[in-house]
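Here's the structure we're looking at; comments come further down.
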Amino acid sequence: MGFVKVVKNKAYFKRYQVKFKRRRDGKTDYLARRRLVMQDKNKYYTPKYRLVVRTTNTDIVCQVAYAKIEGDVILAAAYAHELPQYGVKVGLSNYSAAYCTGLLIARRVLAKLGLAEHYHGVDEVTGEEYHVEEIDGAPGPFRCFLDVGLARTTTGARVFGVLKGAVDGGLDIPHRFD
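In terms of my numbering, the sequence shown is numbered consecutively and its last residue is 184.
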């Protein structure tokens, strides 16, 4: 057998820097997170809210969060396993449960901020496109951005069910109807 040159020597390992732990574990896409978290400099300390959606095999987790130096702050949360209290007994991880969870988080956030009486969302669910519009003489609608994490954004994904439920509930989330 011939001579094999050692490519990774001591100088290589001295300069090697490990990636962040959540990147090594495959849990966080830091490029996407930075784009979701960074606020424009002319808005000073105004928080940039995110609708964080995570799905598991048995549950759907929705949180409205914003970032601080110390860590993310959760404004409100809703889970699909809470839906039996509201009459949805079975199928807590399907698309319709995702819609209901989005509706639940929207109403919780608006009630917490005192905007529930101004922004009611849709009265009857028809599945048509709906965008929250600003009302004269009232505070602006609550605006947040969808954070899907590492989930695949395919057509009909459950994260879009949460998005539709949150928009129908009265949150202002920029989206297309594709």
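The beta carbon of each residue, even a glycine, is placed where N, CA and C say it ideally should be.
Exposure label - residue i; buried when at least 16 CB within 10 Å
i, result
"Tyr125", "buried"
"Tyr92", "exposed"
"Ala84", "buried"
"Thr61", "buried"
Cβ pair residue i, residue j closer than 7 Å
i, j, result
"Gly171", "Tyr105", "yes"
"Phe148", "Leu177", "yes"
"Asp78", "Ala71", "yes"
"Asp129", "Leu42", "no"
Whole-angstrom C-beta distance between residue j and residue i, which should lie under 8 Å
i, j, result
"Tyr101", "Gly175", "In fact, because the Cβ distance is near 16 Å, the residues do not count as touching under 8 Å."
"Val115", "Ala82", "5 Å"
"Ile179", "Leu57", "6 Å"
"Gly127", "Ala112", "7 Å"
"Val173", "Tyr136", "6 Å"
"Ala122", "Thr107", "The Cβ separation is near 18 Å, so there is no contact."
Contacts around residue i, its chain only, beta-carbon distance under 7 Å, and the 5 residues preceding and following it disregarded
i, result
"Arg29", "Tyr36"
"Val131", "Asp174"
Neighbourhood of residue i by C-beta distance below 8 Å, restricted to the same chain and skipping five residues each side
i, result
"Tyr55", "Val70, Ala71, Tyr72, Leu81, Phe148, Arg149, Cys150 and Phe151"
Which parts of the region 53-77 are runs of the beta strand (DSSP E), unbroken and 3 residues or longer, counting only runs that do not cross its ends? 56-61 and 66-74
Pick out the complete beta strand (DSSP E) segments inside the region 126-155, 3 residues or longer, and give them in chain order. 151-153
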